[in-house]
Structures are given as C-alpha cells and as structure tokens.
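What follows is a single structure, written as structure tokens, with notes after it.
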Amino acid sequence: LNLAKAIGRRGTDPTRNTAASFLLAAPLALPLILLDQSLPSLSGVMLAVVSGALTSGLGYVVWYRVTPHLSLATTATVQRATPIIAALGGAALLAEPLTVDIAVAGGLIVGGIVLTSGNRKSTREGLTHSVAFLYRNKG
Numbered sequence: 001l002n003l004a005k006a007i008g009r010r011g012t013d014p015t016r017n018t019a020a021s022f023l024l025a026a027p028l029a030l031p032l033i034l035l036d037q038s039l040p041s042l043s044g045v046m047l048a049v050v051s052g053a054l055t056s057g058l059g060y061v062v063w064y065r066v067t068p069h070l071s072l073a074t075t076a077t078v079q080r081a082t083p084i085i086a087a088l089g090g091a092a093l094l095a096e097p098l099t100v101d102i103a104v105a106g107g108l109i110v111g112g113i114v115l116t117s118g119n120r121k122s123t124r125e126g127l128t129h130s131v132a133f134l135y136r137n138k139g
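The opening position of the sequence shown corresponds to residue 1 in this note's numbering, with each subsequent residue numbered one higher.
Spelled out as structure tokens, the structure:
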C-alpha cells in the first residue's frame, strides 16, 4: 500500500495530506540507515530530502489538485504516460541520453495506451488476430 496515495485520496487538502503522508513514512525509512556501513553525510541527507520530499511531494500536490478537474480517461492516460514524461524531462532538463531501450519502452507504453484507450471490441479482435497470426507462424 502506498501511504502517500492512500492519505492523498482521503482528504480535501492535497498539500496537507501529502505532508502528513511523508511525515508518517519518513520514520519507516530510518532503519535503512543501519544497513549501510557508514552514516550519510549532511549534504547527502539534504539532497535526499530535496529530491525526495520536495520534488515528490510537489508532484503529489499537483497531481491531487489537477486530477479532480480531469476526466477518468485523461487521468488514466497521463498516469500511464508518466515514464515517458520523466524520460523526456530528464533528456531536456538534465541532458540524459535517450537510448534505444528508452525508445522501445516508450513505444510499448504508447502502444499499451492505444490498446486500452480504443474501442474494446476492435482491440479484442485485433489481439485475437495477432495471437492467431503468431501461433500460425511460430517456429
């Protein structure tokens, strides 16, 4: 169970709910420090707080403020496309490379969105024909 999502769905104030879920979850992560040979540096802790709590927290706040204004279909599509958005953001903002693996994964995600967003009957028929084709042409 994702604590942040569980708390975020219940209340009406996304900022308060997200802050509460992060404050409740933080103590659960503290024992993980014992698994390492050394204690983290102050700068490491600060970077973890900034990258984890602030950016993730901001993401949850925005998500819970925006989703009530979107249709279920739009919300589902945006949620499914999150890895693609993250990869493109990493490339644009951090100069991370867009590799063949990322392109293939993105294509599979877009394909999944198309398959699940389309007409269920035509999607089912298309899958049936694809499976039949693969079965006939195996080996």
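No residue lacks a Cβ here, since even glycine has one placed at the ideal position from N, Cα and C.
* CB-CB under 6 Å to arginine 65, same chain, minus the five flanking residues each way: which ones, in chain order? -> Pro14
* Span of the alpha helix (DSSP H), counted from its first residue to its last, around aspartate 101 -> 100–117
* To do: Can you tell me which of the three DSSP states glycine 139 falls into?
  => Because the pLDDT of glycine 139 is 48, which lies under 50, any placement of that residue in the model is unreliable, and the number read from its coordinates should be weighed accordingly. Coil, per DSSP.
* **Proximity winner among Leu93, Ala48, Ile113, Leu39, relative to alanine 81 (alpha-carbon distances)** => Ile113
* Grab the span of the alpha helix (DSSP H) containing alanine 86 for me, first residue to last. => 82–94
* Residues near glycine 57 by beta carbon distance below 8 Å, same chain, minus five either side -> Thr18, Ala19, Phe22
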